[in-house]
Structures are given as structure tokens and as C-alpha cells.
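Everything in the sequence shown is counted per my numbering, starting at 1 for the first residue and increasing by one.
Note that beta-carbon positions come from the ideal geometry of N, C-alpha and C, so glycine has one too.
Inspection log for the structure reproduced underneath, given as C-alpha cells.
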Amino acid sequence: MRIRVRHAARMTVFSAGALAAAVFAFGMLNLGAFNALAARYGQTDAALLLAVGDALLAFVLLMIARRRTPSAEEAMVDELRALALAELSKDAAGLKAQALHLQHQVTSIGEGIARVTKGDPLQLGLSSIGPILALVTRMLGRRKDS
């Protein structure tokens with residue numbers, strides 16, 4: 001990690017130095033062009049011509065910077081992202097269908113319980129199953145003994 005940070009810091013410092021040298025060189029180029037144009041057209045016209053030239057250069061560089069042509073790697077990553085998103089959407093739709101099915105089953109179970117206990121405020125239908133089973137078991141046990 002430290003090696004990467006050190007490498008990034010070194011690259012940043014040298015990039016900043018290169019940018020400063022390029023700006024200085026561009027300024028000197030503009031000064032030389034201004035002096036050459038001023039001798040021929042006068043200072044006002046030279047400044048105007050130089051400003052138009054600099055503006056055109058800035059516009060061309062801006063258009064180049066804004067142009068987006070994805071590389072082969074970027075296109076491949078975009079395609080993989082689209083495939084993964086489609087697969088996730090398919091899985092999500094399947095999970096949603098399973099959840100709806102489960103919800104329907106739970107609702108059916110609830111309706112079944114409601115039908116069994118309908119009209120029985122103490123829910124004797126369900127609570128009497130235990131004693132009934134015990135009674136049936138005892139009766140079957142007595143029959144075997146006899």
C-alpha cells in the first residue's frame with residue numbers, strides 16, 4: 001500500500017511539474033507570436049489575432065476531451081454489466097414469483113384455519129383435537145387388551 005501511495009505521489013509531483021513547464025512554454029510561445037504579429041499588424045490587432053487563435057485551440061482541445069469513444073475493454077465491461085443486470089433482473093423476478101406463491105399459500109392456510117374455527121369463538125374445534133386423540137388411543141388400547 002505504501003509503495004502505491006509513494007508511486008502516486010511521485011507521479012503527481014512530476015505531472016504537476018510537466019504541466020507548469022507546458023504552461024510556461026505556451027506563455028512564451030504566445031509572447032513570441034504576439035511580438036511577431038505586433039511588428040506586422042500593430043499591438044491591438046496582434047492581441048486580437050492571438051486571442052482568437054488561443055480560443056480556437058481551447059475549443060479544439062475541449063472537443064477532443066469531450067469525445068467519448070469507448071475502448072474495446074470498456075465495451076466488453078459494458079456488455080458484461082448489461083448481461084449481469086439482465087441475469088439479476090431474471091433472478092429477482094423469480095424470487096418475486098416465489099414470494100407471491102408463498103404469500104398465496106400462507107393466505108390459504110389462514111383461510112383454512114378460519115373455516116375450521118368459524119362460529120367457534122373459543123376455537124374449540126382446534127383445542128378439542130388433543131383430547132379426542134387421547135380418547136381414541138385409549139379405546140384402541142382397550143380393544144387390544146380384550
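Residue 53: member of the alpha helix (DSSP H) spanning 43 to 66, first to last residue. Between residue 34 and residue 55, the C-beta spacing is not below 8 Å. Between residue 57 and residue 49, the C-beta gap is not smaller than 8 Å, which leaves the two residues out of contact.
A direct Cα-to-Cα measurement between residue 10 and residue 25 gives close to 23 Å.
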